[in-house]
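Below is one structure, written out as structure tokens, with a few remarks after it.
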Amino acid sequence: MLGGKLLGDLGADVIKVEPPGGSASRIPPYFNNIADPEKSLFWYANNVNKRGITLNIKDRAGSNIFQALVQTADIILESFEPGYMSGLKLGYSDLCKIKPDIIYASISPFGQEGLKAHYQGSELTAWASGGYMYACGNPDRAPVWISFPQAGFFAGAEAAIGVMTAMFHRWNTGEGQHIDISMQECAVSPNMQLLQTWDVARVEFRRTGGCLVIPNTGVRQYIYFRCKDGYINIMLQGGTEPFLTSSGNLVKWMTEEGMAPEWLQNLDWAEDYNAATLKQEIADRVRASVESFTLTKTKNELYIEGSIKKGILLAPVNNMKDISEDIQLEARVYWKEIEHLSLIPLLPIADRLST
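Each residue of the sequence shown is one higher than the one before, starting from 66 at the first, in the numbering used here.
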């Protein structure tokens, strides 16, 4: 769904084809918590800029209508099991007979070819088989997955990129293409730095939770701290700039408010808090002292006074309410109000293109 939405954001006229009874993607949460497939916020967030049609492509009438649509289409996006569309005579080779230069993008769990091409898959299996789950979670517990369907969205974004590349190719050659998107491969892509770390330095990445872990010593450096209304991210490090100045400014602020113990005021961030010399005991003591300070302030207080005024490398961990009230997003007119018969949410349009 995201692939089509991205293309729609760029100006394409996108038609969403649903089966009779509606798409299985009309899932919660619902607008005003009314359980109604016509009020699925997930659905509207991904299809707000599309036209829609209901078709049973498995019967002759529905298939004929679909093929008629293909005659005037440039792009087909589908996410059925490999071979399903071909079984309906609606695969790439079939539609090329109707529209020789059609661009046809297929999204599936493991791709159109290979030993696992016909394996069933899901968001969970994509993250697990792509290795991304291995990096998520705390080191003393089992891996965890991201609760929002990011693997599917990665695949949708890659499909949109592939389609635009194929469009450029078609402009130059007149040829269409079949684009094969594997959710597993999309889940591998965010891990490339982990693979390169092993190839270059022979350092195996391990789950670190909300910490930075020094590879050679295993010392955990804390970068997330509780505050009055949530969490704040502080790049609390030493060794080199800009971390020396940032950490020093944080201690000065704590000292001004009488919350920096003497040992912290005397800590040598260059010598005692760098990757080569840092001890876990010191990291734990620093965390406890800093968090006792951040717990006295809100995210906004820490951000305005700490980051803007004092030059500390920190940022609030925003929840959805924070994002909806963000002054930067408001200034950039990120949120657009749309009219709909069933709901009137605010939906984002991130890209603004010049005419």
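Ideal Cβ placement from N, Cα and C applies to all residues, glycine included.
Practice problem: Can you tell me which of the three DSSP states arginine 271 falls into? | Solution: Along the sequence shown, one-based indexing puts residue 271 at 206. Arginine 271 falls in the coil class under three-state DSSP.
Quiz prompt | Beta-carbon spacing of isoleucine 244, alanine 224 below 8 Å | solution = As a first step, residue 244 is located in the sequence shown; it is residue number 179 there, counting from the start. As a first step, residue 224 is located in the sequence shown; it is residue number 159 there, counting from the start. Taking 8 Å as the Cβ cut-off, isoleucine 244 and alanine 224 qualify as a contacting pair.
Quiz prompt | Ordered list of beta strand (DSSP E) runs contained in the stretch 273-340, each at least 3 residues | solution = 276-278, 285-287, 289-292 and 295-299, all fully within the stretch 273-340.
Practice problem: With DSSP as the reference, please indicate the residues paired to glutamate 143 in a beta bridge. | Solution: Within the sequence shown, the letter at position 78 stands for residue 143. Answer is Ser171.
Quiz item: At which residues does the beta strand (DSSP E) containing glutamine 136 begin and terminate?
Solution: To locate residue 136, count along the sequence shown from 1; it is residue 71. Element bounds for glutamine 136: not the beta strand (DSSP E) but the alpha helix (DSSP H), 125-136.
Quiz item: Where does asparagine 114 land, buried or exposed, given buried means 16+ other C-beta within 10 angstroms?
Solution: For the purposes of this step, residue 114 is identified with residue 49 of the sequence shown, where counting begins at 1. Its Cβ being crowded by 16 or more others within 10 Å, asparagine 114 is buried.
Practice problem: Classify serine 187 as helix, strand or coil using the three-state DSSP reduction. | Solution: Translated into the one-based positions of the sequence shown, residue 187 becomes position 122. Shown here, serine 187 sits in coil according to DSSP, grouped into three states, outside any helix or strand.
Quiz item: How far does the beta strand (DSSP E) with aspartate 245 in it reach, from first residue to last?
Solution: Numbered from 1 along the sequence shown, position 180 holds the residue referred to as residue 245. First-last of the beta strand (DSSP E) with aspartate 245: 242-247.
Quiz item: What number of angstroms, rounded off, separates the C-alpha of serine 105 from the C-alpha of proline 94?
Solution: As a first step, residue 105 must be located in the sequence shown, where it is residue number 40. As a first step, residue 94 must be located in the sequence shown, where it is residue number 29. Each residue's alpha carbon lies about 6 Å from the other.
Quiz item: What residues in its chain sit with their C-beta under 8 Å from that of alanine 133, if we drop five residues either side in the sequence?
Solution: Here residue 133 refers to the residue found at position 68 when the sequence shown is read from its first residue. So no residue of the chain qualifies.
Quiz prompt | Where alanine 421 sits in the DSSP three-state scheme | solution = The shown model of the chain, from 66 to 420, leaves out residue 421, and the question about it has no answer.
Exercise. Whole angstroms is fine: what's the gap from arginine 272's alpha carbon to cysteine 201's?
Key: Reading the sequence shown from its first residue, position 207 is the one you call residue 272. Reading the sequence shown from its first residue, position 136 is the one you call residue 201. Distance between the alpha carbons of arginine 272 and cysteine 201: 6 Å.
Self-check item: Collapsed DSSP secondary structure at alanine 380 in the structure displayed
Solution: Counting from 1 along the sequence shown, the entry for residue 380 is found at position 315. Strand.
Quiz prompt | Same chain, Cβ closer than 8 Å to aspartate 78, five either side skipped, listed in chain order | solution = Your numbering for residue 78 matches position 13 in the sequence shown. Cβ neighbours of aspartate 78 beyond the five flanking positions: Arg116.
Practice problem: In the DSSP assignment, find the alpha helix (DSSP H) that holds threonine 119 and state where it starts and stops. | Solution: As a first step, residue 119 must be located in the sequence shown, where it is residue number 54. Not the alpha helix (DSSP H): threonine 119 falls in the beta strand (DSSP E), residues 116-119.
Quiz item: DSSP on isoleucine 163, reduced to helix/strand/coil?
Solution: Locating residue 163 in the sequence shown gives position 98, where the first residue counts as 1. Reduced to three states, the DSSP call for isoleucine 163 is coil.
Quiz item: What are the boundary residues of the alpha helix (DSSP H) that lysine 362 is part of?
Solution: Taking the sequence shown and counting its residues from 1, one reaches residue 362 at position 297. No residue range can be given for lysine 362, since it is assigned to no alpha helix (DSSP H) and is classified by DSSP as neither H nor E.
Exercise. With DSSP as the reference, label valine 228 as helix, strand or coil.
Key: Locating residue 228 in the sequence shown gives position 163, counting from the first residue. It is helical.
Exercise. Give me the Cα-Cα distance between valine 209 and leucine 277, rounded to the nearest whole angstrom.
Key: In the sequence shown, counting from the first residue as 1, residue 209 sits at position 144. In the sequence shown, counting from the first residue as 1, residue 277 sits at position 212. Distance from the CA atom of valine 209 to the CA atom of leucine 277, rounded to whole angstroms, is 18 Å.
Quiz item: Does the Cβ of asparagine 384 have 16 or more other Cβ atoms within 10 Å, making it buried, or fewer, making it exposed?
Solution: Your numbering for residue 384 matches position 319 in the sequence shown. Classification for asparagine 384: exposed.
Practice problem: Determine the burial state of arginine 397: buried for a count of at least 16 other Cβ atoms within 10 Å of its Cβ, exposed for fewer. | Solution: On the sequence shown, position 332 is the one that residue 397 refers to. Exposed, since its Cβ has fewer than 16 Cβ neighbours within 10 Å.
Quiz item: If we ignore side chains and look at the alpha-carbon of each, how far apart do threonine 119 and asparagine 129 end up?
Solution: The count along the sequence shown starts at 1 and reaches residue 119 at position 54. The count along the sequence shown starts at 1 and reaches residue 129 at position 64. Their backbone Cα atoms lie some 13 Å apart in a straight line.
Practice problem: Examine the Cβ distances between the stretch 186-195 and the stretch 278-298 and report whether three or more of them are shorter than 8 Å. | Solution: Not touching, per the Cβ criterion.
Quiz item: Thinking just about the alpha-carbon of each residue, which of Lys164, Leu155 and Lys162 is nearest to the one in serine 171?
Solution: In the sequence shown, residue 171 corresponds to position 106, counting from 1. Taking only the C-alpha atoms, the option nearest serine 171 is Leu155.
Quiz item: So, helix, strand or coil for isoleucine 80, using DSSP?
Solution: Position 15 of the sequence shown, counted from the start, is the residue given in the question as residue 80. Isoleucine 80 carries a strand assignment under DSSP once its states are collapsed to helix, strand and coil.
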